[in-house]
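Numbering (the working numbering), first residue to last: 216 to 304.
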C-alpha cells in the first residue's frame with residue numbers, strides 16, 4: 216500500500232475509481248467508531264453531501280479490519296478511552 220498510497224489519495228481526491236482500496240473513516244453513526252468502505256463508494260453522489268473524514272487507507276478489506284484494530288488499540292493504549300475523533304484530529 217505504501218508505494219501506491221499517494222496515487223490512491225490522489226484518486227480519491229480527484230473522484231477517480233480505485234482498485235482494492237478501502238477507507239477507514241470516522242463513523243457516520245455516532246454510536247460507532249469507524250466506517251470501513253471501499254473507496255469507490257465515495258464516487259456515489261450521496262457521499263458528496265457529507266464531510267467524510269478518512270483516518271486510514273488499506274489494500275483490501277482484511278487489511279482494513281487489521282488496521283482498525285491497530286488504530287483502536289493505539290487510541291486505548293494512549294488515552295484509556297476510545298475517543299477516536301479527538302485522538303486522530
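Glycine included, every Cβ here is placed at the ideal spot set by N, Cα and C.
- The C-alpha of residue 278 is placed about 23 Å away from the C-alpha of residue 296.
- In this chain, residue 250 is not harboured by any alpha helix (DSSP H); it is covered by the beta strand (DSSP E) spanning 249 to 253.
- Here residue 224 has no same chain residue with a Cβ atom under 6 Å from its own Cβ, once five neighbours each way along the sequence are excluded.
- Shown here for residue 255: same chain residues with a beta carbon closer than 7 Å to its own, the five before and five after excluded, namely 232 and 233 in chain order.
- When C-alpha distances from residue 304 are compared across 283, 282 and 269, the shortest belongs to 269.
- For residue 237, the uninterrupted beta strand (DSSP E) run begins and ends at 236 to 241, by DSSP.
- The DSSP-derived three-state label of residue 267 is coil.
- With respect to the C-alpha of residue 275, the residue from 245, 242, 253 and 293 having the closest C-alpha is 253.
- Excluding the 5 residues flanking it on each side, residue 293 has same chain C-beta neighbours closer than 8 Å at 302, in chain order.
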